[in-house]
Amino acid sequence: EVSYDDVTEAANAALKRACEPQQDILTRVDYYIFLESQRKLYARYLFKIDIPQMLKNGDFYLEYQPQYSLSRDRIVGFEALFRVNRKVQINVSTIDIINYAEQSGNMVLLGNFILKTGMEFAKSIEGMGVCVSLNVSPVQLMQSGFVDSFLKLYRSFDLKPGSISVEITESYVVSDIAETLQKLNILKSNGIDIHLDDFGTGYSSFSYLSVLPIAAIKIDQSFVRNIFENRVNHLIIKMIADICSHLNLESICEGVENPQQLEQVRALGCDVIQGYVISRSVNAEKARDMIVNYHYQAPVQEAPIENVPKSGKQGGSK
């Protein structure tokens with residue numbers, strides 16, 4: 052049987068060839084037909100995923116990536132991230148599983164698992180000054196009974212205001228601003244913070260910021276990735292950070308991977324960072340330990356080579 056890797060490799064090769072400018076129209080059509088056949092073959096792998104059964108088997112879990120306040124020098128939040136147990140032999144990504152859940156009618160079931168697990172963790176660290184961010188799929192949000200079921204679960208844990216936040220994507224806001232506003236206002240009135248995720252990557256409208264009951268804007272990692280090479284990205288981050296400051300919102304910068312990026316986004320006025328420079332996502336036990344014990348320390352710069360003594364023993368430790 053053709054493997055998953057065979058499918059993706061063939062599809063990527065076909066797409067590359069189809070986009071070559073020298074290809075005539077018939078050749079391109081042939082390649083696109085091939086791509087469609089590969090897409091259907093790939094779908095066979097997705098259809099082997101039985102989300103309800105995997106939930107029963109305990110095949111899914113959450114990890115938590117810390118969000119670090121640059122001004123307070125401490126962890127102030129975690130984003131709950133969906134994961135699949137390594138023991139499960141499956142050749143699709145977690146994003147593929149989420150997308151398939153949305154398409155197959157299983158997103159509410161999977162989403163409830165994510166919300167419940169995230170709230171359990173939030174309850175376990177309540178009182179430690181940390182907020183747990185839960186990603187909510189647009190498919191969940193569009194459900195007529197979403198707010199009621201969410202609040203029922205929230206109240207069952209007796210969580211205090213500020214214990215959790217809900218992350219929504221900019222694209223969902225654009226799709227139906229009136230319905231979105233109504234639902235978010237209800238959540239906000241019950242002590243649940245709203246974070247606007249991936250801001251600036253879609254059809255951004257600053258008019259939304261004046262009406263949405265949001266507490267934070269998350270700056271997408273795509274702007275951080277080339278912050279030193281791309282002047283536009285540099286300016287966008289500063290602009291969003293400035294807007295957040297004037298509107299009394301928190302700016303959370305995602306994808307900060309090294310000390311140089313950290314210092315740059317600090318200089319641009321970002322409040323909170325999230326990324327590998329602080330930590331990858333960790334399990335609940337490690338996350339609880341990090342709240343108390345973690346403090347960011349910038350790496351010590353090594354002395355320039357010309358300042359190193361040419362002879363004799365060098366002081367200090369390695």
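Okay, so the sequence shown: first residue is 52 according to the working numbering, each after it adds one.
For each residue, glycine too, the CB sits at the ideal point set by N, CA and C.
Suppose the cutoff is 7 Å on Cβ atoms and the five residues either side in sequence are ignored; what does the same chain contact list for Y223 look like?
Short of 7 Å from the beta carbon of Y223, and not among the five residues preceding or following it, lie these beta carbons of its own chain, in chain order: P189, L192, T231.
Going by the beta-carbon positions, is the gap between P264 and N241 smaller than 9 Å?
Not closer than 9 Å, so no.
If you run the structure through DSSP and keep just helix, strand and coil, what is P117?
In the structure shown, P117 falls within a strand segment according to DSSP collapsed to helix, strand and coil.
Which value, in whole angstroms, describes the spacing of the CA atoms of A229 and I148?
Straight across, the Cα-Cα distance linking A229 with I148 is about 29 Å.
Candidates A266, L319, E308, A267: which alpha carbon is nearest I287's?
Checked all of A266, L319, E308, A267; the closest Cα to I287 is L319.
Can you tell which of E336, D271, I291, N281 has the C-alpha that lies nearest to the C-alpha of G306?
Nearest of E336, D271, I291, N281 to G306, Cα basis: D271.
Take E103 as the anchor and find which of S144, P117, V159 has the nearest alpha-carbon.
Reading the sequence as shown, one finds Pro at residue 103 and not Glu. If you compare the alpha carbons of S144, P117, V159 with that of P103, the shortest gap goes to V159.
Would you kindly report the start and end of the unbroken alpha helix (DSSP H) that includes F257?
Boundaries for F257: no alpha helix (DSSP H) harbours it, and the DSSP string shows neither H nor E there.
Among V275, Q311, Y259, which residue has its Cα nearest to the Cα of L298?
Of V275, Q311, Y259, the residue nearest in Cα terms is Y259.
At the level of alpha carbons, what is the spacing between R282 and V181?
Distance between the alpha carbons of R282 and V181: 34 Å.
Can you name, in chain order, every residue of its own chain whose Cβ lies under 8 Å from the Cβ of I215, other than the five neighbours on each side?
G169, M170, A173, C182, V183, S184, L185, Y205, I243, D244.
Closest by CA to F257, which one among E221, V143, R125, S144?
Of the candidates E221, V143, R125, S144, E221 places its Cα closest to the Cα of F257.
Quick one: is D101 buried, meaning 16 or more other Cβ sit within 10 Å of its Cβ, or exposed?
The C-beta of D101 has fewer than 16 other C-beta atoms within 10 Å across all chains shown, which makes the residue exposed.
Give the DSSP-derived three-state secondary structure of Y327 in the structure shown.
In this structure, Y327 counts as coil in the three-state DSSP scheme.
Can you give the beta carbon distance from I268 to Q315, rounded, assuming they're within the 8 Å contact cut?
The C-beta distance from I268 to Q315 rounds to 18 Å, too long to meet the 8 Å contact threshold.
Tell me the rounded alpha-carbon separation between V262 and V139.
Roughly 44 Å separates the two Cα atoms.
Ranges of the beta strand (DSSP E) found wholly within the stretch 133 to 189, counting only runs of at least 3
182 to 186, all fully within the stretch 133 to 189.
Tell me which residues share the same chain as F274 and place their Cβ nearer than 6 Å to its Cβ, disregarding the 5 neighbours each side in the sequence.
The answer, listed in chain order, is N284, I287, I288.
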